[in-house]
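Enquirer: Residue 490 in the working numbering is what sits at position 459 of the sequence shown, and the numbering runs on without skipping anything. Glycine included, C-beta positions come from ideal geometry on N, C-alpha and C. From a predicted model like this one, the values you see are computed outputs, not experimental measurements. Please read through the structure below; I'll follow up with questions.
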Amino acid sequence: MFTGIDIGGTNTDIAVIDSQINTYKVPNTDGLDNALKKISSYGRLAISTSQPLNEIITGHPADIRTITIPGPGLVYPGAVKGSVSHRGDIVEPIDPEEIKKIMKGQHARAIAIAGKFSVRNDALEKQVYDIVSQFYSDEQIALSYPIGALNFPARIHTTKLNARIKGKVASLIRQIQRVNPDFFFVTSTGGLTSPARALDNSMLLFHSSPATVANGAYYLTKHENCLVIDIGGTTTELVPLKDGKPIFETVVLEGAKTMIQAVSAMSIPFGGDSCIRSDLCPFRAGSSRSFGGGEPTLTDALNVMGARIGDAERSEVLDHATAQKVVHQYLETVASAVKEYHPEFLIGTGYLAHYLLSDIAERAQTVGIVPEHAASANAVGAAVSKVSLEVHIHVDSERKRLTLNGITYPYKDTRDEEHLLSYVTELVRDIARKEGAPEEDIEEIEVLYFSSYDVVRGWRVTAKITDLVLAIAPGISVEAL
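Following this line, the structure appears as structure tokens:
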């Protein structure tokens, strides 16, 4: 049995998939605990949440103190003594007193620690962490080495963002585990990850909703090349699918690149709960009147136009002309955005898709469908997703050193590239197994990058240095097909 939960801006969607699909929608005002109590403790639970995204949007970057270990000759904010070489050797130790001096009187909300080559040797970052943890809790400290990739500026930025949301993620984990001890999070690419890995790299959870919608829409329709239109309470998301999969792009936040990939999506700031104040406004002020709210919304306008959503009589504070105007405004806005993709086919998801998709398709001069369970397609996508990993690997035969995402693993002495690839591939599978991935989902390991060069001393080859990036691609679990 597969259970998926998507915590959106307005509602929490639940999908339970066994021999059939059952979906539920719970208002966020009822609380996550009540949503969790509605599901069985059996089977696999996967949760997608917008809370990390909301924390980034509303948080304060200045509250984060960054400690960097860049090495000699490099100038970075918060730089301290200490250096690791590109091969993972400690060239200069940290100065513990320097770190303590920084911490004394520190009033930052959280601390981000990043060393330039910590992904080759995490020792200095861990030493700084040991000192900082005397002043801050683990939930307030983010380290960079679990991110895995070398790009130092992007890794610093990602670590700062991790520091901002780690406490929120930790609180969410505790809340969920009180009811369901074993579960997965859905990542921004639509793969699943363990709570432990989400704590190490919390930005993995950034904006996972478009990814769950993509997986859910494909699972429900099997349409491989199309545009998904997800009409939520707060926003409308446009997510293109190619060969049954979404398109990924690097997340850029606050003017800087991160080390996070996310599903490419266009977000339109109008949804079913967008309030009406002469025009349709790009924000919500609570639920629609038909669901107990105080201000009329797009949902209420649809009721005035003939829909019967919730308590439709409460929507009648709107006059017909205003309702017609704002529905037209919404349809024209979305259809104009849809035309930019030149789609041959649309899939409508979200609780208003049944009322709006045909009009959007007509204006965009295309066709589409609204599948069964479209209102909770995001939860369906969470339920059927599979564990995914991206692992950055560094092998130095001279130092007899092997690291995977900054963590040291047992070195195997071989210079044969095929034997090495076989060995590290099995290590990646072991990581996935420990996170709960079934064997069927880890058979295919993608090699995203492979580079190897010889170390020559005294006119002869003495060692080999190899860098690889291996991945278990996100997608739909074989067990769910």
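With E510 and E471 assumed to form a contact (beta carbons below 8 Å), what rounded beta-carbon distance in angstroms separates them?
Expert: Residue numbering aside, residue 510 sits at position 479 when the sequence shown is read from its first letter. Residue numbering aside, residue 471 sits at position 440 when the sequence shown is read from its first letter. At roughly 6 Å, the Cβ-Cβ gap stays under 8 Å, so E510 and E471 are in contact.
Enquirer: Can you grab the Cα-Cα spacing for the pair E347 / R320, in whole Å?
Expert: One-based indexing of the sequence shown puts residue 347 at position 316. One-based indexing of the sequence shown puts residue 320 at position 289. Distance between the alpha carbons of E347 and R320 is about 9 Å.
Enquirer: Check whether the Cβ atoms of V459 and I476 lie closer than 8 Å to each other.
Expert: For the purposes of this step, residue 459 is taken as the residue at position 428 of the sequence shown. For the purposes of this step, residue 476 is taken as the residue at position 445 of the sequence shown. Cβ atoms of V459 and I476: closer than 8 Å.
Enquirer: Please name the residue, chosen from F301, D485, T43 and A242, that lies closest to G62 on a Cα-to-Cα basis.
Expert: Here residue 62 refers to the residue found at position 31 when the sequence shown is read from its first residue. It is T43 whose Cα lies nearest to the Cα of G62.
Enquirer: How about G412 and A245: are their beta carbons less than 8 Å apart?
Expert: Here the question's residue 412 lines up with position 381 in the sequence shown. Here the question's residue 245 lines up with position 214 in the sequence shown. Yes, they are a contact pair.
Enquirer: What would DSSP say about G341, mapped onto helix, strand or coil?
Expert: Taking the first residue of the sequence shown as 1, we reach residue 341 at position 310. Coil, per DSSP.
Enquirer: Curious, which full-length alpha helix (DSSP H) runs of at least 4 residues does the segment 70 to 111 contain?
Expert: For the segment 70 to 111, whole alpha helix (DSSP H) runs of length 4 or above, ordered along the chain, are 82 to 89.
Enquirer: Which complete alpha helix (DSSP H) runs does the segment 363 to 411 hold, if anything under 4 residues is left out?
Expert: Entirely contained in the segment 363 to 411, the alpha helix (DSSP H) runs reaching 4 residues are, in chain order, 384 to 394.
Enquirer: How is the alpha helix (DSSP H) around S298 delimited, first residue to last?
Expert: Locating residue 298 in the sequence shown gives position 267, counting from the first residue. Not the alpha helix (DSSP H): S298 falls in the beta strand (DSSP E), residues M297 to I299.
Enquirer: Jot down the residue ranges of each uninterrupted alpha helix (DSSP H) in the segment 111 to 169, minimum 4 residues, whole runs only, in chain order.
Expert: Listed in chain order, they are 127 to 134 and 154 to 163.
Enquirer: Per the DSSP calculation, N53 is bridged to which residue(s)?
Expert: Position 22 of the sequence shown holds residue 53. Paired residues: V47.
Enquirer: Check for me: the beta strand (DSSP E) holding L272 runs from which residue to which?
Expert: The residue given as residue 272 occupies position 241 in the sequence shown. Per DSSP, L272 belongs to the beta strand (DSSP E) from T267 to K273.
Enquirer: So, using beta-carbon positions, are V335 and H351 closer together than 8 Å?
Expert: Against the sequence shown, residue 335 aligns to sequence position 304. Against the sequence shown, residue 351 aligns to sequence position 320. Cβ atoms of V335 and H351: closer than 8 Å.
Enquirer: Who are the near neighbours of K131 in its chain, counting only those whose CB is closer than 7 Å to its CB and skipping five residues on each side?
Expert: On the sequence shown, position 100 is the one that residue 131 refers to. Excluding residues within five positions, the ones whose Cβ falls inside 7 Å are I162.
Enquirer: Between the segment 248 to 260 and the segment 98 to 115, do at least 3 Cβ pairs fall closer than 8 Å?
Expert: Verdict: no, contact absent.
Enquirer: Please go through the segment 422 to 500 and give each complete alpha helix (DSSP H) segment of 4 or more residues, from N-terminal end onward.
Expert: Here the runs fully enclosed are 448 to 465.
Enquirer: Between L223, N152 and G198, which has its C-alpha nearest A180's C-alpha?
Expert: Stepping through the sequence shown from its first residue, residue 180 is reached at position 149. That would be N152, whose Cα lies nearest to the Cα of A180.
Enquirer: What would DSSP say about F33, mapped onto helix, strand or coil?
Expert: Position 2 of the sequence shown, counting from 1, holds the residue named residue 33. Correct three-state label for F33: strand.
Enquirer: Please state if the CB of I172 and the CB of A141 are separated by a distance shorter than 8 Å.
Expert: Along the sequence shown, read from residue 1 onward, the residue named residue 141 stands at position 110. Along the sequence shown, read from residue 1 onward, the residue named residue 172 stands at position 141. It is a contact, given that the beta carbons lie within the stated cut-off.
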